[in-house]
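Peer 1: Take this structure first; my questions come after.
Residue numbers (my numbering): 9 to 131.
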């Protein structure tokens with residue numbers, strides 16, 4: 009498959025994920041670390057940034073900047089993924105769910121790599 013296919017897929021994924029922040033903000037608020045203020049506002053901000061980054065992947069002119077932004081965003085939301093895992097363990101959620109959340113942690117690195125590859129100037 010072509011790099012164009014992967015780049016387009018990445019853009020669609022981020023636009024869709026960003027839209028979910030506006031359609032179901034409560035789900036994202038629940039996984040935010042308690043030390044962060046303004047949960048609803050941060051959910052909307054991260055959703056808007058995901059949408060902008062996803063759209064940026066469609067244009068060669070904006071792809072590099074969008075990639076940098078998405079990588080920074082993925083790093084910024086990593087604590088929420090960790091919080092989700094810690095909360096699931098504390099609530100003694102089913103083992104399969106906790107295992108899925110553990111698997112998600114290194115997948116964040118794969119996603120960062122995918123964004124980096126897709127947003128490089130020669131990509």
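Backbone N, C-alpha and C define an ideal beta-carbon position, used for all residues, glycine too.
#1: In whole angstroms, what is the alpha-carbon distance linking residue 122 and residue 98?
#2: Tell whether a beta-carbon distance below 8 Å holds between residue 58 and residue 81.
#3: Compute the Euclidean distance between the alpha carbons of residue 45 and residue 17, then round it to the nearest angstrom.
#4: Could you tell me whether the segment 103-113 touches the segment 50-70, using the rule of 3 or more Cβ pairs below 8 Å?
#5: Exposed or buried, which one is residue 128 when buried takes at least 16 other CB atoms within 10 Å?
#6: For residue 37 versus residue 20, is the C-beta distance shorter than 8 Å?
#7: For residue 39 and residue 13, I'd like the C-alpha separation in whole angstroms.
#8: In its own chain, which residues sit with a C-beta less than 7 Å from the C-beta of residue 10, not counting the 5 before and 5 after it?
#9: Tell me which residues share the same chain as residue 55 and place their Cβ nearer than 6 Å to its Cβ, disregarding the 5 neighbours each side in the sequence.
#10: Within 10 angstroms of the Cβ of residue 34, are there 16 or more other Cβ atoms? Answer buried if so, exposed if not.
#11: Closest to residue 93 by CA distance: which of 79, 108, 84 is it?
#12: Do residue 124 and residue 79 have their C-beta atoms closer together than 8 Å?
Peer 2: With the structure as the only source:
#1: Each residue's Cα considered, the two are about 32 Å apart.
#2: yes
#3: 32 Å
#4: no
#5: exposed
#6: Result no, Cβ atoms of residue 37 and residue 20 do not sit closer than 8 Å.
#7: Straight-line Cα distance between these residues: approximately 31 Å.
#8: Excluding sequence neighbours, residue 10 sits near nothing in its chain.
#9: 26, 29, 30
#10: exposed
#11: Nearest of 79, 108, 84 to residue 93, Cα basis: 108.
#12: yes
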